[in-house]
Amino acid sequence: MSRIDTPAVGRMQTIARNPVMIALVMTLAIAGCASKKNLPNNANELGLGGAGSATPGSQQDFTVNVGDRIFFDTDSTSIRADAQQTLDRQAQWLAKYPNYAVTVEGHADERGTREYNLALGARRAASTKDYLISRGVPANRLKTISYGKEKPVAVCDDISCWSQNRRAVTVLGGAGM
Amino acid sequence: MLRRTFFRLMVVILAGCGLIASPANALVELNINKGNVEPLPIAITDFLQGELGKKISDVVAADLKRSGLFAPIDRGAFIEKISNPDAAPRFEDWKVINAQALVTGRVTQEADGRLKAEFRLWDTFAGQQMTGQQFFTQPENWRRVAHIIADAIYERITGEKGYFDTRVVYVAESGPKTARKRQLAMMDQDGANARALTNSNDLVLTPRFSPNRQEVTYMSFENNQPRVYLLQLETGQREVVGNFPGMTFSPRFSPDGQRVIMSLQQEGNANIYTMDLRSRTTTRLTSTAAIDTAPSYSPDGSQIAFESDRGGRQQIYVMGADGSGQRRISFGDGSYSTPVWSPRGDLIAFTKQSGGKFSIGVMKTDGSGERILTTGFHNEGPTWAPNGRVLMFFRQNAGAGGPQLYSIDLTGYNEQAVPTQGFASDPAWSPRLE
Numbered sequence: 001m002s003r004i005d006t007p008a009v010g011r012m013q014t015i016a017r018n019p020v021m022i023a024l025v026m027t028l029a030i031a032g033c034a035s036k037k038n039l040p041n042n043a044n045e046l047g048l049g050g051a052g053s054a055t056p057g058s059q060q061d062f063t064v065n066v067g068d069r070i071f072f073d074t075d076s077t078s079i080r081a082d083a084q085q086t087l088d089r090q091a092q093w094l095a096k097y098p099n100y101a102v103t104v105e106g107h108a109d110e111r112g113t114r115e116y117n118l119a120l121g122a123r124r125a126a127s128t129k130d131y132l133i134s135r136g137v138p139a140n141r142l143k144t145i146s147y148g149k150e151k152p153v154a155v156c157d158d159i160s161c162w163s164q165n166r167r168a169v170t171v172l173g174g175a176g177m
Numbered sequence: 001m002l003r004r005t006f007f008r009l010m011v012v013i014l015a016g017c018g019l020i021a022s023p024a025n026a027l028v029e030l031n032i033n034k035g036n037v038e039p040l041p042i043a044i045t046d047f048l049q050g051e052l053g054k055k056i057s058d059v060v061a062a063d064l065k066r067s068g069l070f071a072p073i074d075r076g077a078f079i080e081k082i083s084n085p086d087a088a089p090r091f092e093d094w095k096v097i098n099a100q101a102l103v104t105g106r107v108t109q110e111a112d113g114r115l116k117a118e119f120r121l122w123d124t125f126a127g128q129q130m131t132g133q134q135f136f137t138q139p140e141n142w143r144r145v146a147h148i149i150a151d152a153i154y155e156r157i158t159g160e161k162g163y164f165d166t167r168v169v170y171v172a173e174s175g176p177k178t179a180r181k182r183q184l185a186m187m188d189q190d191g192a193n194a195r196a197l198t199n200s201n202d203l204v205l206t207p208r209f210s211p212n213r214q215e216v217t218y219m220s221f222e223n224n225q226p227r228v229y230l231l232q233l234e235t236g237q238r239e240v241v242g243n244f245p246g247m248t249f250s251p252r253f254s255p256d257g258q259r260v261i262m263s264l265q266q267e268g269n270a271n272i273y274t275m276d277l278r279s280r281t282t283t284r285l286t287s288t289a290a291i292d293t294a295p296s297y298s299p300d301g302s303q304i305a306f307e308s309d310r311g312g313r314q315q316i317y318v319m320g321a322d323g324s325g326q327r328r329i330s331f332g333d334g335s336y337s338t339p340v341w342s343p344r345g346d347l348i349a350f351t352k353q354s355g356g357k358f359s360i361g362v363m364k365t366d367g368s369g370e371r372i373l374t375t376g377f378h379n380e381g382p383t384w385a386p387n388g389r390v391l392m393f394f395r396q397n398a399g400a401g402g403p404q405l406y407s408i409d410l411t412g413y414n415e416q417a418v419p420t421q422g423f424a425s426d427p428a429w430s431p432r433l434e
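First to last, the protein sequences are chains A and B.
Position 77, counted from 1, in the first sequence is what the UniProt record's numbering calls 77; the numbers after and before it change by one each time, with no gaps.
Position 68, counted from 1, in the second sequence is what the UniProt record's numbering calls 68; the numbers after and before it change by one each time, with no gaps.
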């Protein structure tokens, strides 16, 4: 763009810098405390299928009878006791069916910012992967990916949903890095 | 698909019909640092001649009104009908309807097909022209001409640069939350001319403009490999930024446009790296077992603000551009994230999470002087207008539905919804095109 420019007329006076201060002190800083009990640990408990009806060694067998997902406390990447049981079953199942490579998908609930949740999901996937390795699953069968808060499974505005979305899902095959 | 609009524009200052203001004669002005400013009553007449003239003055009026600093007067109240925008108006007719400023203009087609748009801004109480300019451009650029005129009026009256001739890149979202589709989109700052930059096949997040507005860096899950990309807006060409051994995310340009700064995820840790776009060399800036992310340069490029949970919860830190002198600056209740350095250099905008609410706020670059601008169920991801006076962010209300874009003045006043066709998040304001 070309510009031919000289001030026409008049002159602006300098504006006084006088920023208004709006101090809003937030005093309630208690993060939501996660319920550690009564969470579904597999698709059967989620009502997704009947136990025992799946062909052994199939995707459905893994999802329904073993449990494909574990849950985390708010901002936490620790593998809870209930999650350890699920991952132990996963490790046993993967030992029994050694042809499967798996991807651990890490997820976060929506009560955080996008960038942080991408990293938090990755952390959860990593700690899940580390646990599976500690239970004998070869590292070269395991990949991870994080979807942050972008792929929730439960949609509501309270902890009953957020606690289901803070999860790591072990996917047979799957994509990841 | 996308083509750069070469905007051949010529500005000519129009002489003021002999009505030269003497410096002693104070003209209408607005102190926009005062917070809740009483909007300035302004009469914006239909530009002569015909439909296009009316459309241009409509856009000018809408820009000024949305700024919260101007109150365009209903045209039905106008007494004088402007028939010659070059002649001095009957100031009495405008004073009586309390128009402190008056805009007149004309749009004509040149013999070569170009559009000529001219306007004059009058101070009705001083009885003087404040400024007058004319522009030549292609007819399809009429909206940009209107935004440039609005910028000129804003600058003449407030003393600050305008931000109307700017664009916003964002993530356009559609579909239910459990199967949300996301694509990059770009629009004018007023929501007009919205268009998609990517298809919705791959998850895309956090688009950011380059300083010259010709490129966007963003994160994409293309091929299930979450990585930072660079998109050339003119050609639509895309490329991965760097060859990192893991997920890269949260990119942003350096102020000189030569580097992209981003996070690299390795196992449980996220650290901050830069990649020089010419030499392709990468530099690691942080080295912790924490989540270090959301880096943002100071406008002079000498410092970087970022967030880290190295102390437990997410807090804002500042370091030198080489990674030196890392220090925490946020110490309020709750956690702080997504720091974004103001284009003026004096403030850092952030998202704050406290008491189950999400706020947008600003603090000085040493962490002092925190001010919360808006608080609610979920507000996230501030971006600065290039004049540093206005912030845009996205808001998700409780309940069904999806995120929407909002703008708010630095003072915390004048919160406005930014119109988008569907849900929208992750806005990034373009720089001004000089």
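Glycine included, every Cβ here is placed at the ideal spot set by N, Cα and C.
Owing to the predicted nature of the structure, the values given are computational and were not obtained by experimental measurement.
As assigned by DSSP and simplified to three states, the class of residue i
| i | result |
| --- | --- |
| Glu415(B) | coil |
| Ile153(B) | helix |
| Asn387(B) | coil |
| Arg167(B) | strand |
| Ser296(B) | strand |
| Glu51(B) | helix |
| Asp58(B) | helix |
| Ala54(A) | coil |
| Leu40(B) | strand |
| Gly76(B) | helix |
| Asp276(B) | strand |
| Ala179(B) | helix |
| Asp426(B) | strand |
| Arg432(B) | coil |
| Leu405(B) | strand |
| Thr286(B) | coil |
For residue i, the nearest candidate out of the options (CA to CA)
| i | options | result |
| --- | --- | --- |
| Thr288(B) | Val169(B), Gln266(B), Ile348(B), Tyr413(B) | Gln266(B) |
| Tyr154(B) | Phe47(B), Thr248(B), Leu121(B) | Leu121(B) |
| Asp74(B) | Ala87(B), Asp58(B), Pro85(B) | Asp58(B) |
| Ser58(A) | Trp93(A), Phe72(A), Asp73(A) | Trp93(A) |
| Phe62(A) | Lys96(A), Ser76(A), Asp75(A), Phe72(A) | Lys96(A) |
| Pro89(B) | Phe119(B), Ala62(B), Arg66(B) | Phe119(B) |
| Phe412(B) | Val390(B), Asp426(B), Val418(B) | Reading off the sequence shown, one finds Gly at residue 412(B), where the question assumed Phe. Residue Val390(B) is the option with its Cα nearest to Gly412(B). |
| Ala126(A) | Glu105(A), Glu115(A), Tyr116(A), Val66(A) | Glu105(A) |
| Ser302(B) | Ser254(B), Ser200(B), Asp276(B), Ile272(B) | Ser254(B) |
| Asp409(B) | Lys54(B), Tyr163(B), Gly132(B) | Tyr163(B) |
| Arg106(B) | Thr131(B), Ala99(B), Ile56(B), Asp123(B) | Ile56(B) |
| Gln138(B) | Gly53(B), Gly113(B), Asn224(B), Ile360(B) | Gly113(B) |
| Arg238(B) | Met392(B), Val204(B), Gln315(B) | Val204(B) |
| Arg395(B) | Ala424(B), Glu370(B), Ala385(B), Thr420(B) | Ala424(B) |
Interface flag, residue i vs chain A, CB-CB below 8 Å
| i | result |
| --- | --- |
| Met392(B) | no |
| Asn201(B) | no |
| Phe78(B) | no |
| Pro226(B) | yes |
| Phe91(B) | no |
| Ile291(B) | yes |
| Gly268(B) | yes |
| Glu380(B) | yes |
| Ser337(B) | yes |
| Thr351(B) | yes |
| Ala150(B) | no |
Interface flag, residue i vs chain B, CB-CB below 8 Å
| i | result |
| --- | --- |
| Ser146(A) | yes |
| Leu118(A) | yes |
| Ser127(A) | yes |
| Val153(A) | yes |
| Asp157(A) | yes |
| Thr170(A) | no |
The ligand PLP heavy atom lying under 7 Å from the CB of residue i
| i | result |
| --- | --- |
| Gln49(B) | As presented, the structure is devoid of all ligands, the ligand PLP included, so that no description of it is given. |
Minimum length 3: unbroken beta strand (DSSP E) runs contained in the region 306-372 of chain B: 315-320, 335-341, 347-354, 357-364, all fully within the region 306-372 of chain B.
Those runs of the beta strand (DSSP E) which lie wholly inside the region 80-154 of chain B and span at least 3 residues: Correct list: 101-109, 115-123, 128-137.
Start-end ranges of the beta strand (DSSP E) lying completely within the region 183-257 of chain B, minimum 3 residues: Listed in chain order, they are 204-209, 215-220, 227-232, 238-240, 248-253.
Three CB pairs or more closer than 8 Å across the region 132-140 of chain A and the region 396-415 of chain B: Too few Cβ pairs lie closer than 8 Å, so no.
Length at least 4, wholly inside the UniProt domain "OmpA-like" (59-176) of chain A: the alpha helix (DSSP H) runs in chain order: 81-96, 114-134, 159-165, all fully within the UniProt domain "OmpA-like" (59-176) of chain A.
Contact between the region 154-168 of chain A and the region 64-72 of chain A (3+ Cβ pairs under 8 Å): The region 154-168 of chain A, when compared against the region 64-72 of chain A, does touch it at the 8 Å Cβ threshold.
Three or more C-beta pairs below 8 Å linking the region 292-311 of chain B and the region 253-263 of chain B: Yes, since at least three Cβ pairs between the region 292-311 of chain B and the region 253-263 of chain B fall closer than 8 Å, the two stretches touch.
Cβ pair count under 8 Å reaching 3, the region 62-81 of chain B against the region 35-48 of chain B: In short, these stretches touch, since the Cβ pair count reaches three.
The region 102-117 of chain A touching the region 332-342 of chain B, judged by at least three CB pairs closer than 8 Å: Note that the region 102-117 of chain A touches the region 332-342 of chain B; at least 3 beta-carbon pairs, one per stretch, sit closer than 8 Å.
Three CB pairs or more closer than 8 Å across the region 196-208 of chain B and the region 165-185 of chain B: Touching, yes, given that three or more Cβ pairs across the two stretches are closer than 8 Å.
Cβ contact check for the region 372-383 of chain B and the region 138-145 of chain B: 3 or more pairs under 8 Å: Contact fails: fewer than three Cβ-Cβ distances are below 8 Å.
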